[in-house]
Amino acid sequence: DTGVSQDPRHKITKRGQNVTFRCDPISEHNRLYWYRQTLGQGPEFLTYFQNEAQLEKSRLLSDRFSAERPKGSFSTLEIQRTEQGDSAMYLCASSLDGNSPLHFGNGTRLTVT
Amino acid sequence: GEDVEQSLFLSVREGDSSVINCTYTDSSSTYLYWYKQEPGAGLQLLTYIFSNMDMKQDQRLTVLLNKKDKHLSLRIADTQTGDSAIYFCAESFTGNQFYFGTGTSLTVIP
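Those sequence lines, one after another, are chains A and B. In this text, residue positions in the first sequence follow our numbering: the first is 294, and each later residue adds one. In this text, residue positions in the second sequence follow our numbering: the first is 967, and each later residue adds one.
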């Protein structure tokens, strides 16, 4: 069990640029979640997938954000035209099914300058 | 299901017990969880309890659930300096997403 891995660990970008993050879940896990965490706060739900289907998106997820899980395995989260307010830790988690706990990766820390 | 509250800070002396508390508002949650987060890392699952249970013990960890008061607690026995971290409680609903509290920062004083 290699756990959930995220890439990159850190990303610094200039305002207005696009960024893409990748998440590789635990291999047999059907569900994959994206969360955002800012300093001093708990994780905030962004979106989740059941296999390749995106089942729910938070109203926090503006149209600049898009997530995909094309083959039901790894997922990507893209942020277009980044803003300083997008600076946060982006966490990916996976679970076996809807009744199982989440297992988190170590996150991607995004800094928008 | 989105209001999960925790106190922000807790300090204890090494060897003492720590009790971290959490209140939630939605009684239809299925499971309640405790996660630990160390600096620069993701959240590590510590333990979880099904909503029809009152208590769960796992080595140094004891989880107590009071459904009537919508109160969840995590007791860490014989707290060690390595337990210093931020602790999050979370609730989940069958087939749905998870909601997290704001976290309690535990400091263990040697």
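All residues carry an ideal CB built from backbone N, CA and C; glycine is no exception.
Legend entry - Touch test, the segment 361 to 376 of chain A against the segment 1013 to 1028 of chain B, Cβ-Cβ under 8 Å, three pairs minimum: no
Legend entry - Among A:V297, A:K304, A:C316 and A:Q299, nearest to Q377 (chain A) - alpha-carbon criterion: Within the first sequence, the letter at position 84 stands for residue 377 (chain A). The option with the nearest alpha carbon to Q377 (chain A) is A:K304.
Legend entry - Beta carbon proximity, G1006 (chain B) to chain A, threshold 9 Å: Locating residue 1006 (chain B) in the second sequence gives position 40, where the first residue counts as 1. Yes - at least one Cβ of chain A is within 9 Å of the one on G1006 (chain B).
Inset, instruction - Output the distance between the C-alpha atoms of D1044 (chain B) and Q1010 (chain B), rounded to the nearest integer angstrom. - result: Residue 1044 (chain B) sits at position 78 when you count from the first residue of the second sequence. Residue 1010 (chain B) sits at position 44 when you count from the first residue of the second sequence. The straight-line gap from Cα to Cα measures roughly 20 Å.
Inset, instruction - Determine the burial state of D379 (chain A): buried for a count of at least 16 other Cβ atoms within 10 Å of its Cβ, exposed for fewer. - result: If you number the first sequence from 1, residue 379 (chain A) lands on position 86. That one is buried.
Legend entry - Range covered by the beta strand (DSSP E) that runs through H303 (chain A): On the first sequence, residue 303 (chain A) is found 10 positions in, with the first residue counted as 1. Taken as a continuous stretch (DSSP letters only), the beta strand (DSSP E) holding H303 (chain A) covers H303 to T306.
Legend entry - Residue of B:T989, B:N1062 and B:Y999 minimising C-alpha distance to Q972 (chain B): Stepping through the second sequence from its first residue, residue 972 (chain B) is reached at position 6. For the residues B:T989, B:N1062 and B:Y999, the minimum Cα distance to Q972 (chain B) belongs to B:T989.
Legend entry - Interface residues of chain A facing G1069 (chain B) [CB-CB closer than 7 Å]: Stepping through the second sequence from its first residue, residue 1069 (chain B) is reached at position 103. The contacting residues are G335.
Inset, instruction - Pull up the CB-CB distance for S1050 (chain B) and L974 (chain B), whole angstroms please, since I reckon it's below 8 Å. - result: Taking the first residue of the second sequence as 1, we reach residue 1050 (chain B) at position 84. Taking the first residue of the second sequence as 1, we reach residue 974 (chain B) at position 8. Wrong, their Cβ atoms sit about 15 Å apart, outside the cutoff.
Legend entry - Selection from A:S388, A:Y341 and A:M382 that minimises the alpha carbon distance to T401 (chain A): By 1-based counting over the first sequence, the position of residue 401 (chain A) is 108. Of the listed residues, the one whose Cα sits closest to T401 (chain A) is A:M382.
Legend entry - Within-9 Å CB hit, A386 (chain A) to chain B: Mapped onto the first sequence, residue 386 (chain A) falls at position 93. It does; some Cβ of chain B falls within 9 Å.
Legend entry - Run of the beta strand (DSSP E) containing H1037 (chain B), from where it starts to where it stops: On the second sequence, position 71 is the one that residue 1037 (chain B) refers to. H1037 to I1042 is the span of the beta strand (DSSP E), which, as asked, contains H1037 (chain B).
Legend entry - Neighbouring residues, chain B, relative to H396 (chain A) (Cβ below 7 Å): For the purposes of this step, residue 396 (chain A) is taken as the residue at position 103 of the first sequence. In chain order: L1011.
Legend entry - Coarse secondary structure for Q334 (chain A), derived from DSSP in three states: One-based indexing of the first sequence puts residue 334 (chain A) at position 41. Three-state DSSP puts Q334 (chain A) in coil, outside helix and strand.
Legend entry - Residue environment, V1029 (chain B), which counts as buried when at least 16 other CB atoms sit within 10 Å: Counted from its first residue, the second sequence places residue 1029 (chain B) at position 63. Counting Cβ neighbours within 10 Å, V1029 (chain B) comes out buried, since at least 16 surround it.
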